[in-house]
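Written below as structure tokens is the structure these notes are about.
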Amino acid sequence: MKRPSRRQFLIGGSAVGGGLLLGYGLLSPERREVAGSIIGGEGAQLTTWVRIHPDNTVTFYVPHGEMGQGVHTALPMMAAEEMEADWDLVRMEQAPATPTFANGPLGKGYLTNGGGVPSALNGAANFATYKLAELMNLQITGGSTAVRFTGQFGMRVTGAAAKEMLIKAAAEKWGVAEEECTARLSHVLHEASGRKATFGELAELAAEFSPSANPVLKNKKDYTIVGTAKQRFDIPAKVTGESMYGIDVKVPGMLYAAIKQVPVIGGSVARVNDTEALAARGVRAVVTLEDGVAVVADNTWRAKQALDLLEVEFTDGGNGHVSSDSIFAQFDKALAENDGEEDVEKGEGAEALGSAKTVVEADYRVPFLAHATMEPMNCTVRIENGKCDVWIGTQDGLGTRAVAAQAAGLSDDDVTIHPLMMGGGFGRRSPGSPNHIIQAVKIAKEVGAPVKLTWSREDDMQHDYYRPAVSARMSAGFDEEGNLTTWVNRYIRKDEPAEASHIPYAVANQSIRYVESEVHIPYGPWRSVAHTQHTFFNESFADELAHAAGKDPYQFRRDLLKDQPRHLAVLDLAAKKANWGGPLPEGHARGIAVQESFQTIVAEVVEVSLDENGRPRVHNVTAAVDCGEVINTDTARAQVESGIIYGLTAALYGEITVENGAVVEENFPDYEMVRLANTPKMDVHFIESGAKLGGLGEPGTPPVAPALANALFSLTGQRIRSLPLKNHEFSRSNRLAQAAD
Amino acid sequence: MISLQVNGEWRELDVEPEMPLLWALRDELGLTGTKFGCGIAACGACTVQVDGVAQRSCVLLVGAVDGASVRTVENLGTADNLSPLQAAWIKHQVPQCGYCQSGMLMAADALLSENPNPSDADIDAAMTNICRCGTYQRVRAAIHDAAKAKA
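Protein chains in written order, with full-length UniProt numbering: chain A, 1 to 741; chain B, 1 to 151.
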């Protein structure tokens with residue numbers, strides 16, 4: 001790999017306004033060379049940066065957006081640990097959305113961890129054409145990648161390299177051997193002579209040395225920062241109201257836009273009469289786009305009020321006949337008519353069902369889901385003198401830059417992204433989901449003034465990129481001795497991650513195949529992506545099989561996981577902590593599920609009862625998590641808690657319905673959320689197995705729906721094969737009658 | 001002209017009386033700590049205190065609060081001088097994305113003024129705000145903690 005020159009450091013240093021930049025980046029090397037070095041054995045491609053200031057503080061530049069997952073703190077923890085920085089002297093800034101800070105380690109992570117398409121990129125329909133080299137220019141926050149890729153391959157190495165350079169500097173300054181110097185708490189020490197210098201004092205000299213591409217990383221037993229609970233950098237501003245989200249931006253001369261969107265997805269604007277709207281107080285312009293009509297005014301509310309004064313006719317783009325029912329009927333037909341493409345084939349595959357003693361069959365399905373981030377989509381754009389500035393909370397700074405450039409008719413270099421805090425992401429602010437960005441750019445371009453477009457909640461819910469609705473036909477076979485020998489699954493739509501539909505269980509014959517069935521509802525990655533649907537299918541069906549075999553669902557899984565020690569360990573820990581099999585209050589029951597996602601394995605036990613209206617009431621969720629290693633212990637716990645609530649909301653209430661080609665649900669009253677009063681007690685336990693670092697933003701979500709459905713089966717005898725649970729009536733009478741028999 | 005006392009200061013607003021307080025605060029007065037979430041009082045992100053009572057400012061018309069005292073998250077405490085509630089929020093590391101937290105804090109602050117030692121059931125009833133990151137368990141713990149700190 002090309003070594004950066006001294007000159008590059010100085011350029012870097014002056015570019016950020018003084019101080020000293022340590023680290024090494026990919027300052028426009030040949031892309032081919034870059035790609036070659038990713039695959040090659042040599043070191044990491046570092047694009048994360050360390051800046052040491054004369055006052056001995058150190059700033060880490062984090063190439064990911066903060067959406068509450070704590071990445072702005074966890075990544076500096078990893079770098080500071082290796083650097084031996086004093087945590088009290090550590091600062092953080094989000095790296096700008098330019099290729100210099102792009103996320104090489106993310107690309108490397110994808111390539112070295114089984115490869116495949118980053119699920120965060122799903123929806124970018126052109127992914128198949130992504131070349132290796134282009135991966136180097138990713139700047140994506142998604143796929144639970146920040147810690148396991150950027151942290152592991154970038155931040156740790158950056159910190160360690162910086163430490164080595166500081167030690168070299170001290171050794172040269174004092175005329176002693178490097179080996180006699182040690183770094184500790186942002187100082188380099190020479191014990192023999194008692195000499196001591198701050199990182200700040202050594203920084204300028206340190207930059208004379210080339211950073212090593214393969215610096216020695218610390219032994220885990222020597223960690224003092226990683227594996228502790230550090231308070232997040234972003235939290236103080238979030239309790240004083242000072243934290244700036246995209247929606248809070250105010251640019252001089254800025255106008256405010258609201259939009260009336262084409263109701264039927266894929267439809268268009270046919271005719272607009274804006275006379276009345278233009279006459280309303282504060283209204284400056286009406287802009288007609290392909291997918292909506294925007295009113296631009298001097299206040300968000302005035303813009304929104306004037307939308308009601310517009311007379312607009314829309315077309316339905318030929319989708320006006322589509323409904324959720326027609327979509328599921330289309331899926332059923334597709335599954336009936338087509339045996340699909342191979343996902344997994346093992347042993348005799350589906351043929352083995354023919355020789356099975358007992359066959360169990362079940363059809364499952366889940367609906368579309370919206371992300372419903374608390375901060376509705378918004379984007380602020382200024383186009384002036386051939387330059388475009390975009391203020392936005394985004395999971396993909398560079399991708400946003402490219403989208404804005406295209407919409408503005410400018411080159412990428414003429415666009416500057418100003419990344420702001422995200423009021424929730426969950427995949428909605430990721431690549432391939434840019435409708436609000438394109439709208440804002442086009443409005444600002446036409447109006448000729450800076451414009452902030454703010455979507456209403458209704459816009460946000462009805463014009464999302466949705467977790468897909470999916471159906472699956474499951475079947476399984478048992479042999480004469482009651483052993484599970486065959487697992488068959490035919491499902492709609494191959495999604496990412498590729499392994500989401502696979503099972504960890506030792507089943508000799510497996511046939512998992514998929515059928516594509518196009519719908520007009522746009523797709524988006526939704527927290528844990530394909531794991532949300534497949535974990536519900538697989539872990540509910542596994543539970544059915546346990547009951548069919550007359551076995552305890554926990555023991556049934558244990559027996560099939562003998563060769564999966566990490567799965568077994570989390571399953572055992574969750575069962576133990578939840579007191580599986582132990583006494584419960586009258587009318588309560590437990591269910592269990594386990595899933596590996598993003599290299600993290602999570603088992604969850606849910607305890608449920610029915611309230612006086614027969615609705616499920618979740619009391620406890622016990623989670624056991626093996627993510628290899630925990631960086632920030634408190635944030636890690638918070639992420640799993642968050643994933644559980646997100647999954648629980650979807651399981652209980654989540655359903656986006658399509659009627660006449662459009663989304664029916666409008667706002668929170670018809671897209672309900674778990675709230676404080678129905679939040680279960682959550683108890684999260686970690687196993688530090690030392691396995692490869694796993695993600696934490698998403699893996700808490702998948703197991704909760706099947707664990708809850710399995711608990712409800714245990715309680716009521718009713719097997720739930722479709723979500724959400726709000727569509728089902730529950731009664732314990734069946735179960736009580738069975739018990740009485 | 002509408003006159004409001006906002007965070008202790010009298011402000012004049014030349015706006016339509018039917019403009020919701022939320023947009024007067026955010027777009028006219030530049031107080032963006034109060035958030036827009038749903039526009040129909042369903043989520044609580046826009047919660048402020050009007051004469052000490054927690055109210056959802058997205059449906060509260062500014063004409064209806066003419067002459068009233070409005071308190072927003074900006075008045076709860078500063079980074080250098082946090083209120084006990086904010087300190088508890090930091091101690092429990094409550095916020096994730098943080099977007100709903102201004103509303104959560106204003107609702108919790110109003111709850112504690114009215115009921116200095118709320119039970120779990122009191123918290124359930126008062127704290128109906130939506131948090132998409134699911135910080136509820138920590139919200140509850142932080143409110144109990146702040147109540148103890150104030151006692």
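C-beta atoms are modelled at their ideal positions from N, C-alpha and C, and glycine is treated no differently.
Problem - Short Cβ contact (8 Å threshold) for G159(A) with E93(A) - result: What you label residue 159(A) is simply residue 159 of the first sequence in a count that begins at 1. What you label residue 93(A) is simply residue 93 of the first sequence in a count that begins at 1. No, Cβ-Cβ distance for G159(A) and E93(A) is not below 8 Å.
Exercise for the section: Report back the beta-carbon spacing between E66(A) and M421(A) to the nearest angstrom; my notes put them in contact at under 8 Å. Expected result: Locating residue 66(A) in the first sequence gives position 66, where the first residue counts as 1. Locating residue 421(A) in the first sequence gives position 421, where the first residue counts as 1. Contact flag correct, Cβ pair sits at about 6 Å.
Practice task
Give a yes or no on whether the minimum CB-CB distance between T679(A) and chain B is below 8 Å.
Solution key: As a position in the first sequence, residue 679(A) is number 679, starting the count at 1. At least one chain B Cβ lies under 8 Å of T679(A).
Handout entry: Beta-bridge pairing of A257(A) - partner residues as DSSP gives them
Key = Locating residue 257(A) in the first sequence gives position 257, counting from the first residue. V296(A), L453(A), per the DSSP bridge assignment.
Practice task
If I'm right that A593(A) touches T535(A) with Cβ under 8 Å, what's the distance once you round it to whole angstroms?
Solution key: For the purposes of this step, residue 593(A) is taken as the residue at position 593 of the first sequence. For the purposes of this step, residue 535(A) is taken as the residue at position 535 of the first sequence. With 8 Å as the limit, A593(A) and T535(A) qualify as a contact, their Cβ atoms being about 7 Å apart.
Problem - In DSSP terms, what V488(A) is bridged to - result: For the purposes of this step, residue 488(A) is taken as the residue at position 488 of the first sequence. Answer by DSSP bridge pairing, in chain order: S475(A), S511(A).
Exercise for the section: May I ask which residues mark the beginning and end of the beta strand (DSSP E) holding G591(A)? Expected result: As a position in the first sequence, residue 591(A) is number 591, starting the count at 1. Run containing G591(A): 589 to 597, per the beta strand (DSSP E) assignment.
Practice task
Determine, using beta carbons only, whether V605(A) comes closer than 8 Å to chain D.
Solution key: Although the question refers to chain D, the structure presented lacks it and instead comprises the protein chains A and B.
Practice task
Find the residues of chain A that neighbour C46(B), judging by a C-beta separation of less than 9 Å, and give them in chain order.
Solution key: Here the question's residue 46(B) lines up with position 46 in the second sequence. Result: empty, since nearest Cβ-Cβ is about 11 Å, beyond 9 Å.
Handout entry: Contact between the segment 569 to 578 of chain A and the segment 522 to 534 of chain A (3+ Cβ pairs under 8 Å)
Key = no
Practice task
Give the secondary structure of I383(A) by DSSP, where H, G and I count as helix, E and B as strand, and everything else as coil.
Solution key: In the first sequence, counting from the first residue as 1, residue 383(A) sits at position 383. Correct three-state label for I383(A): strand.
Exercise for the section: Specify whether the segment 725 to 736 of chain A and the segment 536 to 548 of chain A touch according to this definition: at least 3 beta carbon pairs, one from each stretch, less than 8 Å apart. Expected result: no
Practice task
Put R721(A) into one of helix, strand or coil per three-state DSSP.
Solution key: In the first sequence, the residue the question calls residue 721(A) occupies position 721. R721(A): coil per DSSP, three-state reduction.
Handout entry: Inside the segment 201 to 277 of chain A only - beta strand (DSSP E) runs reaching at least 3 residues
Key = 255 to 261, 269 to 273
Problem - Coarse secondary structure for residue 754(A), derived from DSSP in three states - result: Nothing about residue 754(A) can be reported from this structure: the residues present for chain A run from 1 to 741 only.
Handout entry: Within 8 Å, strictly: CB atoms of V73(B) and G241(A)
Key = As a first step, residue 73(B) is located in the second sequence; it is residue number 73 there, counting from the start. As a first step, residue 241(A) is located in the first sequence; it is residue number 241 there, counting from the start. Their beta carbons are under 8 Å apart, which means V73(B) touches G241(A) by this criterion.
Exercise for the section: Would you kindly work out how many angstroms separate the C-alpha atoms of M474(A) and R493(A), rounded to a whole number? Expected result: Counting from 1 along the first sequence, the entry for residue 474(A) is found at position 474. Counting from 1 along the first sequence, the entry for residue 493(A) is found at position 493. Each residue's alpha carbon lies about 15 Å from the other.
Problem - Span separating the alpha-carbon of L398(A) from that of V6(B) - result: As a working note, residue 398(A) is residue 398 in the first sequence. As a working note, residue 6(B) is residue 6 in the second sequence. So the two alpha carbons sit approximately 40 Å from each other.
Problem - E481(A) (DSSP reduced to helix, strand or coil) - result: Taking the first residue of the first sequence as 1, we reach residue 481(A) at position 481. Looking at E481(A) - three-state DSSP - the assignment turns out to be coil, as it is neither helix nor strand.
Handout entry: V296(A) versus Y466(A) - alpha carbon distance
Key = The sequence position of residue 296(A) within the first sequence is 296, counting from 1. The sequence position of residue 466(A) within the first sequence is 466, counting from 1. Taking the straight line from one Cα to the other gives about 28 Å.
Practice task
Report all residues from its chain with a CB closer than 7 Å to the CB of D479(A); omit the five preceding and five following residues, and keep chain order.
Solution key: Numbered from its first residue, the first sequence carries residue 479(A) at position 479. Counting only Cβ-Cβ distances below 7 Å, and skipping sequence neighbours, we find A356, K357, T485.
Problem - Among A95(A), V90(A), V71(A), G717(A), the one whose alpha carbon lies nearest that of R148(A) - result: Locating residue 148(A) in the first sequence gives position 148, where the first residue counts as 1. It is V71(A).
Exercise for the section: Give a yes or no on whether 8 Å exceeds the smallest Cβ distance from M1(B) to chain A. Expected result: By one-based count along the second sequence, residue 1(B) stands at place 1. No, because no Cβ of chain A sits closer than 8 Å to the Cβ of M1(B).
Exercise for the section: Please look up how many angstroms separate the CB atoms of G661(A) and N319(A), rounded, as I've assumed it's under 8 Å. Expected result: Along the first sequence, one-based indexing puts residue 661(A) at 661. Along the first sequence, one-based indexing puts residue 319(A) at 319. Contact flag correct, Cβ pair sits at about 4 Å.
Practice task
Grab the span of the beta strand (DSSP E) containing V287(A) for me, first residue to last.
Solution key: Your numbering for residue 287(A) matches position 287 in the first sequence. Where V287(A) is concerned, the enclosing beta strand (DSSP E) stretches over 283 to 289.
Practice task
Determine the DSSP secondary structure at Y466(A), reduced to helix, strand or coil.
Solution key: For the purposes of this step, residue 466(A) is taken as residue 466 along the first sequence, with counting starting at 1. Of the three classes helix, strand and coil, the one that applies to Y466(A) here is strand, per DSSP.
Practice task
Entirely within the segment 376 to 421 of chain A and at least 3 residues each: give me those beta strand (DSSP E) ranges in chain order.
Solution key: 378 to 384, 387 to 392, 415 to 419
Practice task
Check the Cβ-Cβ distances between L46(A) and every residue of chain B, and say whether any is below 8 Å.
Solution key: Start at 1 with the first residue of the first sequence, and residue 46(A) comes out as number 46. In this prediction, L46(A) has a pLDDT of 27, which is less than 50 and means its spatial position is unreliable; what the coordinates show is noted afterwards. So no, L46(A) is outside the interface.
Practice task
Measure from the C-beta of P702(A) to each C-beta in chain B and report whether the shortest distance is under 8 Å.
Solution key: Within the first sequence, numbered from 1, the residue matching residue 702(A) stands at position 702. Cβ-Cβ to chain B under 8 Å: no for P702(A).
Handout entry: Status (buried if at least 16 other CB within 10 Å, exposed otherwise) for residue 748(A)
Key = Look at the range of chain A in this structure, 1 to 741, and you will see that residue 748(A) is not part of it.
Problem - Where the alpha helix (DSSP H) through M374(A) begins and ends - result: As a working mapping, residue 374(A) is identified with position 374 in the first sequence. Element bounds for M374(A): n/a, residue is neither H nor E.
Handout entry: Contact set between K250(A) and chain B, taken where Cβ atoms lie within less than 9 Å
Key = For the purposes of this step, residue 250(A) is identified with residue 250 of the first sequence, where counting begins at 1. Going along chain B in sequence order, the residues near K250(A) (Cβ under 9 Å) are D27, G30, T32.
Handout entry: Start-to-end residues for the alpha helix (DSSP H) that takes in R426(A)
Key = Here residue 426(A) is taken as the residue at index 426 of the first sequence, counted from 1. It is Phe, not Arg, that sits at residue 426(A) in the sequence shown. No alpha helix (DSSP H) contains F426(A), which DSSP labels as neither H nor E.
Practice task
Pick out the complete alpha helix (DSSP H) segments inside the segment 575 to 657 of chain A, 4 residues or longer, and give them in chain order.
Solution key: 633 to 652
Problem - Contact set for E84(A): own chain, Cβ-Cβ below 6 Å, skip 5 residues either direction - result: Translated into positions along the first sequence, residue 84(A) becomes position 84. Taken in chain order, the residues that qualify are K163, A183, R184.
Practice task
Just grab the DSSP bridge partners of G681(A) for me.
Solution key: Here residue 681(A) refers to the residue found at position 681 when the first sequence is read from its first residue. In the sequence as presented, Gly is not what sits at residue 681(A); that position holds Lys. Partner(s): N620(A).
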